[in-house]
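The next block holds one structure in the form of structure tokens; read it before the comments.
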Amino acid sequence: MNSNNYFDLLGTFIVILFIAAIVTFILLAKKSSERAAQSEMTVNQIMSQLPGEKQTLFMMQYQNVRKNPTTAVLLALFLGGIGAHKFYLNNAGMGIVYLLFCWTYIPAIIAFIEAFTIAGKVSEINEQKAREISTLLFR
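Here it is in structure tokens:
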């Protein structure tokens, strides 16, 4: 084989790897979106189980502690290399690790991948906060 065939094989391998990465990111985003929808339904169920007078109080408190998935995704994409999305989600320990290793660009690569799954994580965090609020209101 001559050197052109090696470059053709290498190019084909890179294209296949790129397509596999795109498919993986799409599947991750879809799974994250499904988790987010399920968490939102759970939060709505939690609210509907509360008495009428406590639903307003629940929504006020929930809106104060709720994290926005869009904000988390944008932070992961643009400032993920320094861990901004981790700090936003109250995970300061991992945020500090991202800051310490930001010079290696590894946190930026990880944050780019996390940007496709973070919406589901934010919804889970919001669901946990809703459960905590409802527990406090039932006392």
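In terms of my numbering, the sequence shown is residues 48 to 186.
Quick reminder that beta carbons are idealized off the backbone N, C-alpha and C, glycines included.
CB of residue i within 8 Å of CB of residue j, strictly
i    : j    : result
Y145 : G167 : no
L124 : F159 : yes
R82  : N173 : no
CA-to-CA distance, residue j to residue i, given in whole angstroms
i    : j    : result
K177 : V90  : The residue you asked about is not Lys; residue 177 is Ala in the sequence shown. Looking at the two C-alpha atoms, the distance is approximately 6 Å.
P154 : F163 : 15 Å
A68  : L184 : 45 Å
L64  : I157 : 18 Å
L147 : M141 : 10 Å
I61  : D55  : 10 Å
I66  : L74  : 12 Å
N137 : Q102 : 26 Å
Where residue i falls, given that 16 or more other Cβ within 10 Å makes a residue buried
i    : result
Y135 : buried
N52  : exposed
K78  : exposed
G58  : exposed
G99  : exposed
N111 : exposed
Residue i - DSSP class collapsed to helix/strand/coil
i    : result
N115 : coil
N52  : helix
P98  : coil
L136 : coil
Y145 : helix
F185 : coil
T89  : helix
Y109 : helix
F163 : coil
Cutoff 8 Å: residue i Cβ touching any chain B Cβ
i    : result
L122 : Of the protein chains in the structure, only one exists, and it is not chain B.
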